[in-house]
Ligand code: ATP
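Numbering (full-length UniProt numbering), first residue to last: 1 to 191.
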């Protein structure tokens, strides 16, 4: 079983591409969603977050997003520490999830943060220009402003970085996604 990462900047179309892979029977691990679940439900993760940020990090058991956002906005080192709790927990959880799908030819792990390492065999990069991504996100997330989206983009890995680490690139500026996905699927099931 190959462990394949799928990455790209905000609004590049990672989830859209993953949904096409899912129609081919490929299991997908959505790192963002799983991170949220671990933060809300995993006793060890919760305890570590409370140790870092205090009891207020949870309100009646629920993750106190406004409090945490404010705390990490005011102190960037807290964000680094928080990531130091959440990222390894997600990585470990993803590894277990992948092992549970060992009977498949390959599985996908979707994440905006990706490093080339021993936990992934191949990486797919979903690419689209900043302007196209911005327009798509403004349409999808009506509560977000252009300024906010540009700030997120500035904080993410660059296209050059993604190109460097990836084995396959999906260009998502047109409507030719399905043939691109099929070509990669074919390579992954025969490699
Ligand atoms: P995020 O980083 O926010 O999780 P993402 O990379 O997963 O985003 P998607 O959610 O897949 O991106 O796509 C962003 C938006 O753009 C969605 O509303 C999606 O429907 C739309 N979209 C993606 N690809 C295309 C395309 N080829 N043509 C038109 N719209 C698209």
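Just so you know, even glycine gets a beta-carbon here, dropped at the ideal spot from N, CA and C. Computed from a prediction, not measured in an experiment: that's the story for all the values here.
- The ligand ATP has no heavy atom closer than 8 Å to the beta-carbon of residue 182.
- In this structure, residue 140 has its CB closer than 8 Å to one or more heavy atoms of the ligand ATP.
- Distances from the CB of residue 37 to the heavy atoms of the ligand ATP are all 8 Å or more.
- The beta carbon of residue 162 lies closer than 6 Å to those of 125 in the same chain, with the five residues before and after it left out.
- Residue 23 carries a helical assignment under DSSP once its states are collapsed to helix, strand and coil.
- The closest heavy atom of the ligand ATP lies less than 8 Å from the beta carbon of residue 136.
- A straight-line Cα-Cα distance of about 11 Å links residue 159 and residue 12.
- In the DSSP assignment, residue 91 falls outside any beta strand (DSSP E) and within the unbroken alpha helix (DSSP H) covering 76-99.
- By the C-beta criterion, the region 36-45 is judged to be in contact with the region 82-98, since at least 3 inter-stretch pairs fall below 8 Å.
- Within the chosen limit of 8 Å, the ligand ATP reaches the beta carbon of residue 175 through at least one heavy atom.
- The three-state secondary structure of residue 3, taken from DSSP, is strand.
- The alpha carbon of residue 2 has as its nearest neighbour, out of 175, 99, 136, 141, the alpha carbon of 99.
- A straight-line Cα-Cα distance of about 20 Å links residue 179 and residue 110.
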